[in-house]
Amino acid sequence: MIPEFGHFSLILALGLSLALTVLPALGVYRRDALLMQTGPSIATGLFVFLAFSFGCLVYSFVQDDFSVAYVANNSNSALPLQYKISAVWGAHEGSFLLWTLIASGWTLAVAVFSRGLTFDMKARVLSVLGLLCTGFALFLLFTSNPFDRNLPFHPADGADLNPLLQDFGLIVHPPMLYMGYVGFAVPFALAIATLTTGRLDAAWARWSRPWTNAAWAFLTVGITLGSWWAYYELGWGGWWFWDAVENASFMPWLVGTALIHSLAASEKRGVFKSWTVLLAISTFSLSLLGAFLVRSGVLTSVHAFAVDPTRGLFILIFLVLVIGGSLTLYAFKASGIKSEAQFEWNSREAMLLINNLLLVVATASVLLGTLYPLLYEVITDGKKISVGPPYFNRVFVPIVCLLFVAMVVAPFSRWRKTSGEILIRQHWPFLLATPVVVCLVTYLVTAGIDLIAVGVETLAVWILVMLVRHWWQAGSIRSASQLGMMLGHAGIAVAILGVVVTITYSEGRDVRMNPGDSLDLAGYEFTFEGVQKVRGPNYLADQAEFNVTKGGEYVATLRPEKRFYSVAQNVMTEADMDPGLLRDVYVALGEKVGDSAWAVRVHVKPFVRWIWLGGLLIALGGFVTLLDKRYRRVREPVSNNALGSAA
Amino acid sequence: MKFGRMKSHRRNRLLLIVFIVCAAGGATTFALFALNENINLFYSPDQIAQGEAPVGKTIRAGGMVQDDSVTRTGEGLGVSFVISDMKSAQVTVEFEGILPDMFREGQGVIALGQLNSEGVFVAEEVLAKHDENYMPPEVAAALEEAHESGVDTGQKAGYE
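Protein chains in written order, with my numbering: chain Y, 3 to 649; chain R, 15 to 174.
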C-alpha cells in the first residue's frame, strides 16, 4: 500500500507543479494580486507531497519491500540500515526523485525567503520554478517511476546495492551535488523572470547573489566529496580522472564561479548585466546537460547509470526546450539592457571580466573534450574515440594558471580604476620574497627544483600571502561577503598547493608481495604481514596487514581488504591509508597472483588532503557570504558608493 | 592616427573585442591541436585481427575476455588474456599491473595501449565497469556487428 501512496502523492505533486506554473503567471497577466499570491502555498504543497513520496520510498527500502522493482534491484535484506536509506538515491529512479524533491525544496525556499521581492517578481520566479518542477515530475512518472511493482512474482530478496556505493561518501555526495545542480535553477528562474519584465537592475543582481552562492557552495561540497570518495574507494589513489561524468559536474561549477563574479560587478556597478543573465542561463543549462550525459548513457563513463534511450530522449527534449526557450527570450529582450558605467582596463570590473573570460574559455575546453567523442562519431559515421586526460591537462591547466595570476592582485583592485603603482609599492617585498622562499623550501625538502611545480606553488602562496597581507593592513573585515571571498580564494590556493605537490612528488608502485616481504618507498618501509579472512555484515573479505615504518619507527598498521559481496557477486577493493596533513600513506590490495603472493599498490602522497581541505574552504567561503546583512534587509536603497568593497 | 583620438571608452571597447577575439582564436586553435593529439580511436577485435588497426599508436581495444584465457606471466604482475567479439576474432592482450575489480572472464573490457608488430596488444590500462550489468557501448556495438554479420554464438552478449 505504501508504495501506492508514494506514487499517488507523486501524481498530486505533478498537478501542483502545473498549478504553480500556471496560476501565478496568470495572476501576473491579469494583474490579479490574489492569483499572484497563490505561489507560496502551492510551493509548500508541492514540497510536502514530494517529501511524502520520498518518505514512502525510504519506508519501502527500510521495510525490504521487494515487490517494488526499484527496491528489489538496489537493496537486500542483509544491507546495513544506513545503506538501505542511501540506496534510495543509489540508482537512477530514486536519485531523480531526490533531484525533484530538492528542486521543490529550493522552490519553497524562494517562496519563504523572498521578502525583498515584489509580488509581481515573486510570482514570475515561482512560475518558472514550477515549470521546471513540472518537467522533472513528468520525467519521473513517465520514464523512471521508482514505485513500479514487480507483482505478482516478486523476488524473495533484493539484488543488493552496488558495493561501491556502500560507503559514507556516497551517502552524502549525491544530495550535495543535486543541491548544487538544482540550486542553479533559482538564479536561472530569476534571470528568466527579470527578462520577462525587462528590468535588469541592481536589485535583481543583489537578489540573485545569495542563491547563486548557496547553490555553488553545495556543488563545491559535492564535487569535493566525490573526489575524496574516488580517491579511497574507486580510484586506486587517483582523485580526478577527467571522466565525462566528473566533467559534467565540473562545468556548471566553472560557469557558476564566473556567474558569482559577474553578479558582483552587475550589482555593484551595473555592468555586464546581459552577460550575467547569459551566464545564469548557461550555468543551469550545463547542470541539465550533466544530468543528460549521466542518465542517457551516450558517453562511456565509469559512473554512468544503466542505459535507457527513452530517458535520454526525454531529457534531451527538456534540455532543448529550456535552453532554446531561454535563449530565444534572451535574444528578444537582452538588446534593451544597457550598461551604465564605464571603467578602465586596470579596474576591478576589468579584472572580473578577465576572470569571466578565462573561466568560460576553460569551461569551453572541458565541454569540447567531453562532447568531442559524440561529435566525432557523428562526423565519421560511427568511429569511436575517447579523449584522454592529456588533452585536459594541456588545455585546461594553462588557462587556469592565467586565472591564478589574476587572482594574486585582482581581489585588491578597485572599482573604476586601480593604481597599479600603489599596489606594487605596497606589496613588492611580499611579491619578491615569495618565490625565493618557495624555491628555498622546495629545495630543502626535495633536494631538487621542478620549475613548473615551483612556479605554480609560488602563485598559490602569492594568493595566500596577499590575502593575509591585505587583511592585516585593513585591520578588520568589512562584511561577511568579504570574509567569504577571502576564504574562497584561500581555499583555491590551498587546493592548488595540494594538486601541484601531489602530482609532482607522489610516489607509487604496483608490486607482487609474499607475506614477510617488505618494500621501500619514499622513505617508508612497508612490510606485508599476511592475509586473513574477515566477515562483514554482507560480505566476506581477505584482509591484509601491512606494517609501515619510517627510519625504524612505527608509523601505522594498514589493513586493506579485498571484499566479496555474495549477493551481487561483486569484488571490491577497500584501500587503507594513514591520512596526514603533510602526506597520506596508502595501500590497496589487488588480486591474488600466486599461492600466497598478492598484487599490492602502495602510494605515498604528500599534501593530497589539501585538495579536499581547499575544496571545503571554498565551500565555506560560499556559505559565509550568505550571512551578509545586505541580503537580509528589505528593499534597501541601491548604493552607488560601493568603492573598494568586497566582490 | 585615428586611434589616438578615439574616445577612451570606445578605445577600451575596441581593445577588449580585439583581446577577446585573439584569445578565443588562440585558445580554440590550441585546444584543437591538443585534441587531435590526444584522441584514442577504438578498434574491435575483428578490426585488429583484420589488420585495420595501426601498430605502435595508442588506441583502445575492447571485447569480451575469453574464458580460460587469463594467465599470469613471470614473477611480477604480468598478465595476458584474450579478448574476442564472441565470434571468430581474437586478440591477445598483455598487461603489467593490477586488473580492475570487475575484470573477469566473460566480461566486457576496454584496454588502452598499443598494438605491437606481432599483433599483441600491449595495454597500459584496462578498464572494466563497476556494475556487472553494464557493457561499454563500444564493446556492445562491436559484439552486435559480429552478431549480425555471422552465425549466432548462442550466447547472450549482455547488452540489453
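Ideal placement from N, C-alpha and C gives every residue a C-beta, glycine not left out.
Keep in mind the model is a prediction, meaning the values are calculated, not measured.
The segment 40-68 of chain R: positions lying closer than 7 angstroms to chain Y by Cβ: Ala41, Phe44, Ala45, Ala48, Leu49, Asn52, Ile53, Asn54, Leu55, Phe56
With a threshold of 7 angstroms between beta carbons, is R/Arg25 in contact with chain Y? no
Checklist entry - Would the C-beta of Y/Ile494 count as close to the ligand GDP, meaning under 6 angstroms from any of its heavy atoms? => result Here there are no bound small molecules, and the ligand GDP is not part of this structure.
- Note down the Cα distance separating Y/Ile4 from Y/Val60, rounded to an integer number of angstroms. 10 angstroms
Within chain R, partners of Y/Glu95 - CB distance below 7 angstroms
In chain order: nothing, as chain R lies at least about 15 angstroms away.
Inset, instruction - Put Y/Phe345 into one of helix, strand or coil per three-state DSSP. - result: coil
Note down the Cα distance separating Y/Tyr392 from R/Asn50, rounded to an integer number of angstroms. With the sequence shown as reference, residue 392 of chain Y is identified as Pro, and Tyr is not the correct amino acid for it. Distance between the alpha carbons of Y/Pro392 and R/Asn50 is about 11 angstroms.
For Y/Phe220 and Y/Gly500, I'd like the C-alpha separation in whole angstroms. 21 angstroms
Does chain R have any CB closer than 7 angstroms to the CB of Y/Thr575? yes
- Message: Please report the distance separating the alpha-carbon of R/Glu146 from that of Y/Val626.
- Response: Since pLDDT at R/Glu146 reaches only 49, below the 50 mark, its modelled position is unreliable, and no value is offered.
| query | For Y/Lys535, which residues in chain R fall below 8 angstroms Cβ to Cβ? | reply | Correct list: empty, because the minimum Cβ distance to chain R is about 18 angstroms.
Which residues in the same chain as Y/Trp206 place their Cβ atom closer than 7 angstroms to its Cβ, once the five residues preceding and following it in sequence are excluded? Leu192, Thr196
Using beta carbons (cut-off 7 angstroms, strictly below), is Y/Asp512 in contact with chain R? yes
Check your understanding: Is the Cβ-Cβ distance between Y/Asn516 and Y/Val368 less than 7 angstroms?
Key -> no
Q.
Does the structure place the segment 87-95 of chain Y close enough to the segment 17-35 of chain Y that three or more beta carbon pairs sit under 8 angstroms?
A. no
Report task. Verify the CB distance criterion: does Y/Arg32 have a CB-CB separation below 7 angstroms to chain R? Result -> no
*Where do the ends of the beta strand (DSSP E) carrying Y/Leu523 lie?*
520-523
Review point. From the beta carbon of R/Gly120, is the nearest beta carbon of chain Y less than 7 angstroms away?
Key: no
- request: Compute the beta-carbon to beta-carbon distance between Y/Tyr507 and Y/Asp162, rounded to the nearest angstrom, for a pair I have assumed lies under 8 angstroms.
  value: Actually they are not in contact, since the Cβ atoms of Y/Tyr507 and Y/Asp162 sit about 40 angstroms apart, beyond 8 angstroms.
Check your understanding: Under the three-state reduction of DSSP, which class applies to Y/Lys86: helix, strand or coil?
Key -> helix
message = Is R/Gly112 close to chain Y? Criterion is C-beta to C-beta, closer than 7 angstroms.
response = Here residue 112 of chain R turns out to be Ile, not Gly, going by the sequence shown. Output row for R/Ile112: interface = yes.
- prompt: My guess is that Y/Glu652 and Y/Thr444 are in contact by the Cβ rule of under 8 angstroms, so how many angstroms apart are they, rounded?
  reply: Outside the displayed range of chain Y (3 to 649) lies residue 652 of chain Y, so it cannot be described from this structure.
Using the C-alpha atoms, what's the distance from Y/Val257 back to R/Leu29? 24 angstroms
Is it the case that the segment 381-396 of chain Y contacts the segment 428-446 of chain Y, given that we only count it when at least three CB pairs across the two stretches are under 8 angstroms? no
Check: DSSP three-state call for Y/Asn540: helix, strand or coil?
Finding: coil
query: Which chain Y residues sit within Cβ distance under 8 angstroms of R/Leu91?
result: Asp512, Val513, Arg514, Gly592, Val595, Ala601
Checklist entry - Does the segment 487-506 of chain Y touch the segment 555-564 of chain Y, meaning 3 or more C-beta pairs lie closer than 8 angstroms? => result no
Can you tell me where the alpha helix (DSSP H) with Y/Arg297 in it begins and where it stops?
275-298
Margin query: At the level of alpha carbons, what is the spacing between Y/Arg537 and R/Phe56?
Written below: 41 angstroms
| message | What does the Cβ neighbour count give for Y/Gly292, buried or exposed, with the cut at 16 atoms within 10 Å? | response | buried
query: When the Cα atoms are used, what is the spatial distance from R/Phe33 to Y/Ala455?
result: 29 angstroms
Chain Y contact for R/Asp115 (CB, 7 angstroms cutoff): yes
- Task: Would you list the residues sitting across from Y/Ser337 in a DSSP beta bridge?
- Result: Paired residue(s): none; Y/Ser337 is not in a bridge.
Among all the DSSP beta bridges, which residues are the ones paired with Y/Ala601?
-> Y/Arg514
Item to complete: Tell me whether Y/Lys594 sits in a helix, a strand or coil according to DSSP, three-state version.
Response: strand
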